[in-house]
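Participant: Can you read through this structure? Questions will come right after.
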């Protein structure tokens, strides 16, 4: 995971949303702020813009090389998206939280792509950089445990 995040520069985010309160929107915004170029892919939004980037209908429509395809679609749809990622020569496929397609992963790995499933690059970046701790998580400041009465 660390290697993918370090070597990736351009991410195609399939299932991007222009709706500010959708997970794909704030994941895209976060990754942009961390220096990644994130290109949104959503047929319903094609031709518009999300966070300053032109939205494309499909991966094949993007006119530049993509390092990683981030899939914000369900597990079934991830199969076709993974096949498109193979076709365009992406280096990695990243399936978001709760998205897993073992058959698609096997096809991608056979084609030489790295595959991550059921994880979020935004969360993993924060975890690996130590940034999550800066926000009060894992510091003891925020806890789900009840305070002990003395």
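Numbering (our numbering), first residue to last: 267 to 416. Just so it is clear, CB atoms sit at the ideal spot from N, CA and C, and this is done for glycine as well.
Is the distance from the Cβ of residue 277 to the Cβ of residue 334 below 8 Å?
Facilitator: Residue 277 sits at position 11 when you count from the first residue of the chain shown. Residue 334 sits at position 68 when you count from the first residue of the chain shown. Taking 8 Å as the Cβ cut-off, residue 277 and residue 334 qualify as a contacting pair.
Participant: According to DSSP, simplified to helix, strand and coil, what is residue 349?
Facilitator: Against the chain shown, residue 349 aligns to sequence position 83. DSSP places residue 349 in helix when its eight states are reduced to three.
Participant: Quick one: is residue 283 buried, meaning 16 or more other Cβ sit within 10 Å of its Cβ, or exposed?
Facilitator: Counting from one through the chain shown, the residue named residue 283 turns up at place 17. So residue 283 counts as buried.
Participant: For a test of the three-state rule: what should DSSP assign to residue 383, helix, strand or coil?
Facilitator: Taking the chain shown and counting its residues from 1, one reaches residue 383 at position 117. Coil at residue 383, not helix or strand.
Participant: Regarding residue 267 and the ligand FMN, is the C-beta to nearest heavy atom distance less than 7 Å?
Facilitator: Inclusion of the ligand FMN in the displayed structure is not the case, the ligand content being empty and no account of it being possible.
Participant: Please report the residue range of the beta strand (DSSP E) in which residue 277 lies.
Facilitator: Within the chain shown, the letter at position 11 stands for residue 277. Per DSSP, residue 277 belongs to the beta strand (DSSP E) from 276-280.
Participant: State buried or exposed for residue 297, treating a residue as buried only when at least 16 other CB atoms are found within 10 Å of its CB.
Facilitator: In the chain shown, residue 297 corresponds to position 31, counting from 1. Per the 10 Å Cβ criterion, buried.
Participant: Could you check what DSSP says for residue 406 in three-state terms: helix, strand or coil?
Facilitator: In the chain shown, counting from the first residue as 1, residue 406 sits at position 140. A caution first: residue 406 carries a pLDDT of 49, below 50, which makes its placement in the model unreliable, though a value can still be read off. In the structure shown, residue 406 sits in coil (DSSP, three-state: anything other than H, G, I, E or B).
Participant: What did DSSP end up calling residue 368 once you bin it into helix, strand or coil?
Facilitator: Indexing the chain shown from 1 puts residue 368 at position 102. Helix at residue 368.
Participant: Quick one: what's got a C-beta closer than 6 Å to residue 351's C-beta in the same chain, skipping five residues either side?
Facilitator: Taking the first residue of the chain shown as 1, we reach residue 351 at position 85. Excluding sequence neighbours, residue 351 sits near 335 and 359.
Participant: What does residue 303 pair with, by DSSP beta-bridge criteria?
Facilitator: Sequence index remark: in the chain shown, residue 303 carries index 37 (1-based). Per DSSP, 276.
Participant: For residue 358, which of helix, strand or coil comes out of DSSP?
Facilitator: If you number the chain shown from 1, residue 358 lands on position 92. Of the three classes helix, strand and coil, the one that applies to residue 358 here is strand, per DSSP.
Participant: Look at residue 324 and residue 345 and say whether their C-beta atoms are less than 8 Å apart.
Facilitator: Counting from 1 along the chain shown, the entry for residue 324 is found at position 58. Counting from 1 along the chain shown, the entry for residue 345 is found at position 79. In this structure, residue 345 does not lie closer than 8 Å to residue 324 by Cβ.
Participant: Cα separation between residue 402 and residue 299?
Facilitator: For the purposes of this step, residue 402 is taken as residue 136 along the chain shown, with counting starting at 1. For the purposes of this step, residue 299 is taken as residue 33 along the chain shown, with counting starting at 1. The predicted model places residue 402 with a pLDDT of 49, which falls under 50 and marks its position as unreliable, so this point remains unresolved.
Participant: Nearest by alpha-carbon distance to residue 214: which of 357, 327, 372 and 339 is it?
Facilitator: As shown, the chain starts at 267 and ends at 416. That puts residue 214 outside it, with no answer to give.
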